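Q: Chains as they are written, first to last, in numbering that gives the first Met the number 0: chain A, 0 to 155; chain B, 0 to 155; chain C, 0 to 155.
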Amino acid sequence: MSAVPDMRDVEQFYFAYASVIDDGDLETWPALFTEAGTYRIISKENFDRGLPLCLMYCQGAGMLKDRAFASAKLNVYAPRTWRHLISNIRVAQEGGRLEGQANFTVLETVAGKLTGILLCGRYIDVLERTAAGIRLVERTVVYDSTLIPGSVVFPV
Amino acid sequence: MSAVPDMRDVEQFYFAYASVIDDGDLETWPALFTEAGTYRIISKENFDRGLPLCLMYCQGAGMLKDRAFASAKLNVYAPRTWRHLISNIRVAQEGGRLEGQANFTVLETVAGKLTGILLCGRYIDVLERTAAGIRLVERTVVYDSTLIPGSVVFPV
Amino acid sequence: MSAVPDMRDVEQFYFAYASVIDDGDLETWPALFTEAGTYRIISKENFDRGLPLCLMYCQGAGMLKDRAFASAKLNVYAPRTWRHLISNIRVAQEGGRLEGQANFTVLETVAGKLTGILLCGRYIDVLERTAAGIRLVERTVVYDSTLIPGSVVFPV
């Protein structure tokens, strides 16, 4: 991967993505994908072995909206704050496709408990420049953690 | 928020700020603010509800210097090392004002104990370009943590 | 330190370095140094006092390759995943020398255990532009941690 002119824009897009979730603005989350965009969360173990089982899978705006609505309105869980640390961002233009990678760490604070690491891993993305700005065609969230202390109640 | 030409300079200023604290160079810390600069540390809970109670509040160079002196010379605590991880930096020029935001995590190492998360959260800043470089007009440190393992002995 | 034109390239080099280790591609690691490149891991305590004792020390391609081979093939340890978070990157051109600094945090996931902080600290580097890209002339890994939960089985 080599740096591309879009670097800074992708970086800012990644930070905006993180803040949509951390600020509890989940209904905006589906709009960060293209209409047919896909999103999945998969363990590194399964990803490395080519096994298909995911923790979460959404294909297209309908499923993304459904998931955002469930996270924001339906699911029941103790109040908590998430903080996404996005680092090691790498962007490449591969044969007309804009590809991005980054490391993520989600720090979780459940009311009355110590702030801890919920999970960490890597984003593997295909991106697209649209009239409305950069959007995700595909986001694969590959998490390292083999044991997660609590529930993944929001999108990562 | 959209990226601005000052992006890289603000980023470098944020890293310089972090290293002033992590390297124990606290007497330099007040000089990172303008003469009338304000600094406060407030919980996300209070910040989100508009409640005024802060963990720390300094207004102007005198109070900032007083606080730095207390941290460096007066307070008594076990030897420790802080490491600021600054990520998700976003900078915007809003109506003539230079505004910045970033996520921070402070990792603390107390001698003989495991390195742990002290607290994490978000900086919300107003910045100014001065002849001496970028300076903070206002830094609000909004921390997510509801329980902090130990004391916040330095500025965040 | 002030920002230099090489900033973005050094940043991308740092992220490539991290992913070589995190992706288990250790045999590539020595090639990130110049032929006579040196690498050492030292505690902040010893570094600050000018004491020479290191946790790891390699001088030149032979020792680096030896170390990479030992990490990848000889040493015996439970399966684990490392995730390097590289932040607070600062680059300077000092009298013809390209110097870099960054904060690092290594998050470790041992199979069946919670993801935790292995260690954190600071890279202090001398870099060189070669025909093959940026390379490390010297990397000093100064870690804050006084107690490390487990073993440092890979290069940091």
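All residues carry an ideal CB built from backbone N, CA and C; glycine is no exception.
Owing to the predicted nature of the structure, the values given are computational and were not obtained by experimental measurement.
Restricting to Cα atoms, I'd like to know which of B/77, B/36 and B/44 is closest to residue 64 of chain B.
A: Out of B/77, B/36 and B/44, B/36 has the C-alpha closest to the C-alpha of residue 64 of chain B.
Q: Taking residue 88 of chain B as the reference, which of A/6, A/15 and A/5 has the closest Cα?
A: Looking at the Cα atoms, A/15 is the closest of the given residues.
Q: Against chain C, which members of the region 78-94 of chain B pass a CB distance test of less than 8 Å?
A: Cβ contacts with chain C: 80, 82, 83, 84, 85 and 86.
Q: With distances taken between CB atoms, is the gap from residue 126 of chain B to residue 99 of chain B smaller than 8 Å?
A: Closer than 8 Å, so yes.
Q: Hey, is residue 120 of chain C's beta-carbon within less than 8 Å of any beta-carbon in chain A?
A: Not an interface residue.
Q: Chain A beta carbons: is any one of them nearer than 8 Å to that of residue 106 of chain C?
A: Chain A contact via Cβ: present.
Q: Note down the Cα distance separating residue 77 of chain C from residue 111 of chain C, rounded to an integer number of angstroms.
A: Their backbone Cα atoms lie some 10 Å apart in a straight line.
Q: Going by C-alpha distance, which of B/54, B/34, B/61 and B/121 is nearest residue 150 of chain B?
A: Selected option, being the one with the closest Cα: B/54.
Q: Quick check on DSSP: helix, strand or coil for residue 75 of chain C?
A: Coil at residue 75 of chain C, not helix or strand.
Q: Spatial neighbours of residue 56 of chain C within its chain, please: C-beta separation below 7 Å, excluding the five flanking residues on both sides.
A: Here the set comprises 39.
Q: How long is the line joining the alpha carbons of residue 66 of chain A and residue 27 of chain A, rounded to whole angstroms?
A: Spanning the two alpha carbons is a distance of roughly 12 Å.
Q: Using a Cβ-Cβ distance cut-off of 8 Å, determine whether residue 116 of chain B contacts chain A.
A: Yes, residue 116 of chain B lies at the interface with chain A (some Cβ there is under 8 Å from its Cβ).
Q: Please go through the same chain and pick out, in chain order, the residues whose beta-carbon is closer than 6 Å to the beta-carbon of residue 85 of chain B, but skip the five residues on each side of it.
A: Only 13, 17, 101 and 103 meet the Cβ criterion.
Q: Under a CB-based cut-off of 8 Å, is residue 0 of chain C close to chain A?
A: The predicted position of residue 0 of chain C is uncertain, since its pLDDT is 44 and thus under 50; a value taken from the coordinates is nonetheless stated next. So no, residue 0 of chain C is outside the interface.
Q: Looking at C-alpha atoms only, which residue of B/146, B/51 and B/74 is the closest neighbour of residue 113 of chain A?
A: It is B/146.
Q: Tell me the DSSP bridge mates of residue 57 of chain B?
A: Residue 57 of chain B pairs with B/38.
Q: Would you say residue 143 of chain B faces chain A, with C-beta separation under 8 Å as the test?
A: Yes, because at least one Cβ of chain A sits closer than 8 Å to the Cβ of residue 143 of chain B.
Q: Exposed or buried, residue 58 of chain B, counting other C-beta atoms within 10 Å across all chains shown (16 or more means buried)?
A: Label assigned to residue 58 of chain B: exposed.
Q: Please classify residue 154 of chain C as buried or exposed, where buried requires at least 16 other C-beta atoms within 10 Å of its C-beta.
A: Residue 154 of chain C should be labelled buried.
Q: From the DSSP output, in three-state form, read off residue 153 of chain A for me.
A: In the structure shown, residue 153 of chain A sits in coil (DSSP, three-state: anything other than H, G, I, E or B).
Q: Give me the chain A residues within the contact set of residue 45 of chain B, using Cβ-Cβ distance strictly less than 7 Å, ordered along the chain.
A: Those within 7 Å of residue 45 of chain B in chain A number zero; the least Cβ separation is about 13 Å.
Q: Buried or exposed, going by whether 16 or more other CB atoms sit within 10 Å of the CB of residue 1 of chain C?
A: Note that residue 1 of chain C scores a pLDDT of 46, beneath 50, so its modelled location is shaky; the value from the coordinates is reported in the next line. The residue in question, residue 1 of chain C, is exposed, as its Cβ has fewer than 16 Cβ neighbours within 10 Å.
Q: Have a look at residue 140 of chain C and residue 124 of chain B and give me their C-alpha separation to the nearest angstrom.
A: Rounded to the nearest angstrom, the two C-alpha atoms are 31 Å apart.
Q: With 8 Å as the threshold, decide whether the Cβ of residue 110 of chain A is near any Cβ in chain B.
A: Interface residue, yes.
Q: Mind pulling the chain B residues with CB within less than 8 Å of residue 153 of chain A?
A: Those do not exist, as residue 153 of chain A stays about 14 Å from chain B at its closest Cβ, beyond 8 Å.
Q: Put residue 70 of chain A into one of helix, strand or coil per three-state DSSP.
A: Three-state result, residue 70 of chain A: helix.
Q: Please go through the same chain and pick out, in chain order, the residues whose beta-carbon is closer than 6 Å to the beta-carbon of residue 10 of chain B, but skip the five residues on each side of it.
A: These residues qualify, in order along the chain: 88.
Q: Rounded to whole angstroms, what's the CA-CA distance from residue 115 of chain A to residue 82 of chain C? Just pull it up for me.
A: Answer to the nearest angstrom: the Cα atoms are 16 Å apart.
Q: Please confirm whether any heavy atom of the ligand ATP lies closer than 7 Å to the CB of residue 151 of chain B.
A: As far as ligands go, the structure on display features none, and thus does not contain the ligand ATP.
Q: Measure from the C-beta of residue 113 of chain C to each C-beta in chain B and report whether the shortest distance is under 8 Å.
A: No, no contact with chain B.
Q: Taking just the CA atoms, how far does residue 91 of chain A sit from residue 7 of chain C?
A: Each residue's alpha carbon lies about 14 Å from the other.
Q: What first and last residue would you give for the beta strand (DSSP E) that runs through residue 133 of chain B?
A: Where residue 133 of chain B is concerned, the enclosing beta strand (DSSP E) stretches over 132-142.
Q: Since residue 148 of chain A meets chain C, which of its residues come closer than 7 Å, beta carbon to beta carbon?
A: Here the neighbours are 113.
Q: Pop quiz: residue 152 of chain C and residue 74 of chain C are said to be a contact at Cβ under 8 Å. What is the actual Cβ separation, rounded to whole angstroms?
A: About 6 Å; that satisfies the 8 Å criterion.
Q: Looking at the structure shown, is residue 91 of chain B part of a helix, part of a strand, or coil, going by DSSP?
A: Looking at residue 91 of chain B - three-state DSSP - the assignment turns out to be strand.
Q: What is the DSSP secondary structure of residue 85 of chain B, reduced to helix, strand or coil?
A: Strand.
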